[in-house]
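Numbering (my numbering), first residue to last: 40 to 658. A quick write-up on the structure given underneath.
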Amino acid sequence: MNQLNRRQILLAGGASAAALIAAPLAAVAQTGGTNPPTGVIKRVKFVSEKTDMAGRLFLPASHKPGAAKLPAVLVVGPWLNIKEQVPTNYAKRLADKGFAAFVIDFRHWGESGGQPREYESPKHKIADIHNALRFLSERPEVDGDRIGVLGVCFGAGYVAAAATDDPYIKSVATIAAWVHDVPSVTKLFGEEEVARRRKVGREAVTEYRANKTVAYVPAASDSDKTAAMFSPDPKFYYAPKAGRGILPEWKNRYAVLGWEEWLDFDGIAPAARVKQPLMVVHSDDSALPDNARRFYALAKGPKELVWLEGEHTRFYDTEPQITRAADAVAGHFAKTLTSAAERAERSRAALAGTQEFFAALEAMDVPRFLNVWAEDGVQEMPYSPPGFPKRLDGRAAIEKQYAPLPAAYTGMNFPLTRLAATDDPHTVIAEYGGSIGLKSGGRYDNRYVGVFTFDDAGKLKHYSEYFDPFTLLSGFPGAAAMGPDGARTVLEALPRLADTRDWAGMRKLFAGEVDFDYTSVAGGKPARVKADDLVAGWGQGLSRYKQTKHNFSTPEIKIEGDAARATFTGQATHVRETGGGKETRWSCGGDYTYRLARTPEGWKIIAAKFDMIWEQGDR
């Protein structure tokens, strides 16, 4: 879709100049929802691109003229909807939660102007959203710095597209989002049906341009398959007998000249440019759930996915879906549409939390450090070299990673060169150095950038750490030993140390105890033995031989967390003197399975098994 020029929209809209306020309404049309109208409802008018627009502003019952300004939400409903349908159902609930909730009739629909009538134009709707938000920001009841948008069904794609370039939008939420692109809508309807709709749409555009004649089909029907929405289900939201979506104000018709624009509208792609906090509420039985997941995955800012149960249109007006969805997005907006004072306080808390993070690390006080974190906190290190964790999920995993600090390091220092707040008051960016003294000798120095995001309770929710992985591998003595190459190095050292009789070096390859199974050679049963006893026994056994030669294949290593499993084949030749200058040889070969554990000192062997397949000669 063509990107709209924000300046041209606002200059053409003249929203504030045309704003009119009528007396509060005593009631609104029944929408099929279970929530009766509450509070104050005001009729309002504004202008969008020289077109007169109609809207309703829902205010909390407790709100008084001149009172503190309210956070506000513009509610955008499904395609073909007017303001009295789904948008009003959610606006009433949001007003009850303390928001100013705004609904409008888009151009070509309801009480708003624009020709042709009942024409679904994504381009026009997005422009109308921009101008409605400008108007809303200037309302005396509204805090113009705290405005969010809620898109229901197809409205999700519209609000996402608007959010990519609208400075008024501070937060976004979607419910039962119908978001499609050309491939998915073609798969949904079939190539033949999509081609038919395109053909009908193009013909209707030609006819309208030539004669101003508009071709219509029903917007919804339970009998006419040419309708824009067809369903024989008697419980269908728009079914006449259901009495849910059929309202006197709604003309049940659709201008087919809009088919091609609607089919080509990509509601998924804009999510990649949504930087505002986002909540996506969906279900497996809502429309296009895989597309909703794609939409959520693309969003770059803070986000939350709420997965509920229920058929798509139950989120329009039916319990418990509508209340659960409304409560979720109300909570989202309450957290994200904060006042300047609240944002400043959260920003101060995030800065203080970041400083405590470094202070606890420098003190190597692990309990204090863990207290900084939320229970479900996440640390990500996307550029960690192979064998190092790239992600730690939850405080338990973080504790496991950081618990060895006092035993492994002599000291840690993290001098901050820059600590900065961001537009998101929960998030802080830090640039810092790191200098760590190792008890094994030497120091490790690197440069870092960290992105810290805290929750409302001031606990660290997410920490992304960026550093030079090559400096880590080259500058941290023994760091390479922590990765898969380190595990391979341990295993490759085994035959060399055995053949050179370097038993002190051999001992360093093992943990304190080892599960040992060489029963295929010596008989007996597998046992857990002390590494000191194991290495001493090897030394005693091989001392009978003048010379040994062990050859191992390249080990195949699989690492899961701090555990590694290695398999390889090998053979060994043992040469023994028998007197008189004569020698005997004993050779054997088979399969080896070793298990290793990652420790602060590197990989250590914790289990060793040899399955002898062949042998030759006299032992």
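Built from N, CA and C at the ideal position, the CB exists for glycine as well.
Quiz item: So the alpha helix (DSSP H) residue 196 belongs to, where does it begin and stop?
Solution: Here the question's residue 196 lines up with position 157 in the sequence shown. Per DSSP, the continuous alpha helix (DSSP H) segment holding residue 196 begins and ends at 194-202.
Quiz prompt | Cβ of residue 286 within 9 angstroms of any chain C Cβ | solution = You won't find chain C in this structure, because it holds only one protein chain.
Quiz item: With distances taken between CB atoms, is the gap from residue 307 to residue 333 smaller than 9 angstroms?
Solution: What you label residue 307 is simply residue 268 of the sequence shown in a count that begins at 1. What you label residue 333 is simply residue 294 of the sequence shown in a count that begins at 1. A contact, by the Cβ cut-off of 9 angstroms.
Quiz prompt | Top-ranked residue by Cα proximity to residue 507, from 404, 341, 423 | solution = By 1-based counting over the sequence shown, the position of residue 507 is 468. Each of 404, 341, 423 was checked against the Cα of residue 507, and the nearest Cα belongs to 423.
Quiz item: Rounded to a whole number of angstroms, what is the C-alpha to C-alpha distance between residue 637 and residue 602?
Solution: Indexing the sequence shown from 1 puts residue 637 at position 598. Indexing the sequence shown from 1 puts residue 602 at position 563. If you draw a straight line from the Cα of residue 637 to the Cα of residue 602, it is about 6 angstroms long.
Quiz item: Is there contact between the segment 171-186 and the segment 366-378, where contact requires at least three CB pairs shorter than 8 angstroms?
Solution: Enough Cβ pairs lie closer than 8 angstroms, so yes.
Self-check item: Reduced DSSP secondary structure (H/G/I, E/B, other) of residue 657
Solution: Sequence index remark: in the sequence shown, residue 657 carries index 618 (1-based). DSSP places residue 657 in coil when its eight states are reduced to three.
Quiz item: residue 132 by DSSP, collapsed to three states: which one?
Solution: As a first step, residue 132 must be located in the sequence shown, where it is residue number 93. Helix, per DSSP.
Quiz item: Cα separation between residue 231 and residue 237?
Solution: Translated into the one-based positions of the sequence shown, residue 231 becomes position 192. Translated into the one-based positions of the sequence shown, residue 237 becomes position 198. Roughly 10 angstroms separates the two Cα atoms.
Quiz item: Mapping DSSP to helix, strand and coil, what is residue 461?
Solution: Position 422 of the sequence shown, counted from the start, is the residue given in the question as residue 461. It is coil, neither helix nor strand.
Quiz item: Mapping DSSP to helix, strand and coil, what is residue 644?
Solution: Sequence index remark: in the sequence shown, residue 644 carries index 605 (1-based). Residue state, collapsed to three classes: strand.
Quiz item: So, residue 125 versus residue 116, is the Cβ gap smaller than 9 angstroms?
Solution: If you number the sequence shown from 1, residue 125 lands on position 86. If you number the sequence shown from 1, residue 116 lands on position 77. Contact: yes.
Self-check item: Burial state of residue 346 (16 or more Cβ within 10 Å)
Solution: Counting from one through the sequence shown, the residue named residue 346 turns up at place 307. Answer is exposed; the Cβ neighbour count stays below 16.
Quiz item: Which of the three DSSP states, helix, strand or coil, is assigned to residue 536?
Solution: Within the sequence shown, numbered from 1, the residue matching residue 536 stands at position 497. Note: residue 536 maps to helix in three-state DSSP.
Quiz item: What do you get for residue 42, buried or exposed, if any count of 16 or more other CB atoms within 10 angstroms of its CB means buried?
Solution: Looking up residue 42 in the sequence shown gives position 3. Its pLDDT being 35, under 50, residue 42 is placed unreliably in this model, and the coordinates cannot settle the point.
Exercise. Express the C-alpha separation of residue 645 and residue 552 in angstroms, rounding to a whole number.
Key: Counting from 1 along the sequence shown, the entry for residue 552 is found at position 513. Counting from 1 along the sequence shown, the entry for residue 645 is found at position 606. Each residue's Cα considered, the two are about 7 angstroms apart.
Self-check item: Buried versus exposed call for residue 616 [16 or more other C-beta atoms within 10 Å across all chains shown]
Solution: In the sequence shown, the residue the question calls residue 616 occupies position 577. Exposed is the call here.
Exercise. Give every residue of the same chain whose Cβ lies closer than 6 angstroms to the Cβ of residue 530, excluding the five residues on either side of it in the sequence, and list them in chain order.
Key: Against the sequence shown, residue 530 aligns to sequence position 491. Excluding five sequence positions before and after residue 530, the CB atoms of its chain that fall closer than 6 angstroms to its own CB belong to 594, 605, given in chain order.
Practice problem: Look up residue 544 in the DSSP assignment and say whether it is helix, strand or coil. | Solution: If you number the sequence shown from 1, residue 544 lands on position 505. Helix.
Quiz item: What are the boundary residues of the beta strand (DSSP E) that residue 564 is part of?
Solution: Working through the sequence shown from its first residue, we reach residue 564 at position 525. For residue 564, there is no enclosing beta strand (DSSP E), since its DSSP letter is neither H nor E.
Practice problem: Locate the alpha helix (DSSP H) running through residue 169, then write down its first and last residues. | Solution: Translated into the one-based positions of the sequence shown, residue 169 becomes position 130. Where residue 169 is concerned, the enclosing alpha helix (DSSP H) stretches over 161-176.
Quiz item: According to DSSP, is residue 184 helix, strand or coil?
Solution: Translated into the one-based positions of the sequence shown, residue 184 becomes position 145. Of the three classes helix, strand and coil, the one that applies to residue 184 here is strand, per DSSP.
Self-check item: Whole-angstrom distance between residue 402 and residue 545, CA atom to CA atom
Solution: One-based indexing of the sequence shown puts residue 545 at position 506. One-based indexing of the sequence shown puts residue 402 at position 363. Taking the straight line joining both Cα atoms gives about 35 angstroms.
Quiz prompt | Environment of residue 177 [buried if 16+ CB atoms lie within 10 Å] | solution = Within the sequence shown, the letter at position 138 stands for residue 177. Taking all protein chains shown into account, residue 177 has fewer than 16 neighbouring C-beta atoms within 10 Å of its C-beta and is therefore exposed.
Practice problem: Assign residue 359 to one of three DSSP states: helix, strand, or coil. | Solution: Numbered from 1 along the sequence shown, position 320 holds the residue referred to as residue 359. Residue 359: coil per DSSP, three-state reduction.
Quiz item: Over what stretch of residues does the alpha helix (DSSP H) that includes residue 382 continue unbroken?
Solution: The count along the sequence shown starts at 1 and reaches residue 382 at position 343. Unbroken alpha helix (DSSP H) run through residue 382: 379-401.
Quiz item: Under three-state DSSP, which class holds residue 586?
Solution: Numbered from its first residue, the sequence shown carries residue 586 at position 547. Under the three-state reduction of DSSP output, residue 586 falls in the strand class.
Practice problem: Tell me whether residue 325 sits in a helix, a strand or coil according to DSSP, three-state version. | Solution: On the sequence shown, residue 325 is found 286 positions in, with the first residue counted as 1. Secondary structure of residue 325 (DSSP, three-state): coil.
Quiz item: When the distance is taken between beta carbons, is residue 98 closer than 9 angstroms to residue 134?
Solution: Taking the first residue of the sequence shown as 1, we reach residue 134 at position 95. Taking the first residue of the sequence shown as 1, we reach residue 98 at position 59. Cβ atoms of residue 134 and residue 98: closer than 9 angstroms.
Practice problem: Kindly indicate which residue of 596, 240, 614, 121 has the alpha-carbon position closest to the one of residue 286. | Solution: Within the sequence shown, numbered from 1, the residue matching residue 286 stands at position 247. Residue 121 is the option with its Cα nearest to residue 286.
Practice problem: Determine the burial state of residue 641: buried for a count of at least 16 other Cβ atoms within 10 Å of its Cβ, exposed for fewer. | Solution: Taking the first residue of the sequence shown as position 1, residue 641 is located at position 602. Residue 641 comes out buried.
Practice problem: Out of 509, 111, 172, 622, state which residue places its alpha-carbon closest to the alpha-carbon of residue 84. | Solution: As a first step, residue 84 must be located in the sequence shown, where it is residue number 45. Ranking the options by Cα distance to residue 84, first place goes to 172.
Exercise. Would you mind reading off the limits of the beta strand (DSSP E) that contains residue 485?
Key: Here residue 485 is taken as the residue at index 446 of the sequence shown, counted from 1. That run of the beta strand (DSSP E) goes 482-493.
Quiz item: What three-state label does DSSP hand residue 90 in the structure shown?
Solution: To locate residue 90, count along the sequence shown from 1; it is residue 51. Looking at residue 90 - three-state DSSP - the assignment turns out to be strand.
Exercise. Can you tell me the Cβ-Cβ gap for residue 208 and residue 315, rounded? I've got them flagged as a contact below 8 angstroms.
Key: The residue labelled residue 208 in the question sits at position 169 within the sequence shown. The residue labelled residue 315 in the question sits at position 276 within the sequence shown. The pair is a contact, with the Cβ atoms about 6 angstroms apart (cut-off 8 angstroms).
Quiz item: Just reading off the beta strand (DSSP E) that residue 476 is part of, what are its end residues?
Solution: On the sequence shown, position 437 is the one that residue 476 refers to. Its beta strand (DSSP E) spans residues 466-477.
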